[in-house]
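Read the structure below first, then the notes.
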Amino acid sequence: MQMKQVTISITEQQEKFLKLFAEKQTPGAPDNRYTSYPLHIVENKRYNYIPYSYDIAEYFDEDDLVFTNDDDYAVWFTNEVEMVKDWYSDRDCPIEIKSFKELEYQDITGVNGEESFVTDYNEYFEVYGVSVHQIAWRKEYYEQVAMFFILEEAKRYMQYQKHNLESPRVYTYSAGYANDGEYTHFWDLLMVLGKQLNQVEHLA
């Protein structure tokens, strides 16, 4: 392959990152996470909420069922008993607080003195007089936030932006199968530049 010689001017920050890239992301390095031409992406954990219905409950057995009585939907409980206890945090509950499984398919006298046959979570909370804004199955997914060539920089980002992140992670993606586009060429270019800068520094 014929190579061309070029002269470029770079900033100190660009020099720093090129050197770090060549040092940390060289092919086979641990920071590549066994990935060819890696791109390290900081991702935020997010949730999709599927409204609860007894009629479709069998299809969501493996998903978390969560509950809220918060008008802003900011606070969710992963346990129905905890939400009942929170409802009565400043006073005693007139009846014993039990789980949904303990009350399911039973006739229960609720806090209002009325008897109810409990078949679903809505009826469960009615027994305790708890106002429920939403019952839903929660499915997690990850939203891409920021992209990095250098794994170390992705991890550093998670620290200085932690106030804006929610249970973040760094996920490493490859360039994709048989990607002959510009990405791999630019990745190789950055690696060459970084290695040359490191060689010059070692010779100095």
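Per the numbering used here: the sequence shown = residues 28 to 231.
Each residue gets a CB set at the ideal place from its N, CA and C atoms; glycine is no exception.
Which residue from Thr62, Ala173, Trp214, Ser80 puts its Cα closest to that of Gln70? Per the sequence presented here, residue 70 reads as Glu, with Gln not at that position. It is Ala173 whose Cα lies nearest to the Cα of Glu70.
Leaving out five residues on either side along the sequence, give the residues of the same chain with a beta carbon under 7 angstroms from the beta carbon of Leu220. Cβ neighbours of Leu220 beyond the five flanking positions: Leu45.
Among Trp164, Glu228, Gln223, which one has its Cα closest to the Cα of Asp88? Here the closest residue by C-alpha is Trp164.
Answer with buried or exposed for Gln133, where buried requires no fewer than 16 other C-beta atoms within 10 angstroms of its C-beta. So Gln133 counts as exposed.
Could you give the C-beta distance for Gln161 and Thr95, rounded to a whole number, given that I count them as a contact under 8 angstroms? Indeed they touch by this definition, with Cβ atoms about 5 angstroms apart.
Taking 7 angstroms as the cut-off, decide whether the C-beta atoms of Asp90 and Lys166 are in contact. Taking the C-beta atoms as reference points, Lys166 is found nearer than 7 angstroms to Asp90.
Under a Cβ-count criterion, where at least 16 other Cβ atoms within 10 Å of its own Cβ denotes burial, should Leu130 be classed as buried or exposed? That one is buried.
With distances taken from CA atoms, which of Arg73, Thr38, Leu66 is nearest Leu51? The sequence given here has Lys at residue 51, not Leu. The shortest Cα separation from Lys51 among Arg73, Thr38, Leu66 belongs to Leu66.
From Tyr168, Lys189, Val197, pick the residue whose C-alpha is nearest to that of Arg73; which is it? Closest by alpha carbon: Tyr168.
Could you tell me which residues DSSP pairs with Met174 in its beta bridges? Under the DSSP definition of a beta bridge, Met174 partners with Ile68.
Could you tell me how far apart the beta carbons of Lys182 and Ala49 are, in whole angstroms, since I believe they sit closer than 8 angstroms? Taking 8 angstroms as the upper bound for CB-CB distance, Lys182 and Ala49 are not in contact here, some 18 angstroms apart.
Under 7 angstroms between C-beta atoms of Trp214 and Tyr81: No Cβ-Cβ contact shorter than 7 angstroms links Trp214 with Tyr81.
At what residues does the beta strand (DSSP E) containing Leu92 begin and finish? 91-95 is the span of the beta strand (DSSP E), which, as asked, contains Leu92.
Secondary structure at Asn75, three-state DSSP: helix, strand or coil? Strand, per DSSP.
Give me the Cα-Cα distance between Glu39 and Gln32, rounded to the nearest whole angstrom. In this structure, the CA atom of Glu39 is about 21 angstroms from the CA atom of Gln32.
Which one of Glu42, Ala205, Asp147 has the shortest CA to CA distance from Val227? Of Glu42, Ala205, Asp147, the smallest CA-CA separation from Val227 is found for Glu42.
Please confirm whether Val138 and Ile124 have their CB atoms less than 7 angstroms apart. Not a contact, by the Cβ cut-off of 7 angstroms.
Under the DSSP definition of a beta bridge, which residues are partnered with Gln256? Past the edges of the chain, shown from 28 to 231, lies residue 256, and the structure says nothing about it.
Leaving out five residues before and five after Glu170 in sequence, what residues of the same chain have Cβ atoms less than 7 angstroms from its Cβ? Once the five neighbours on either side are set aside, the close Cβ partners of Glu170 are Glu70, Asn71, Arg73.
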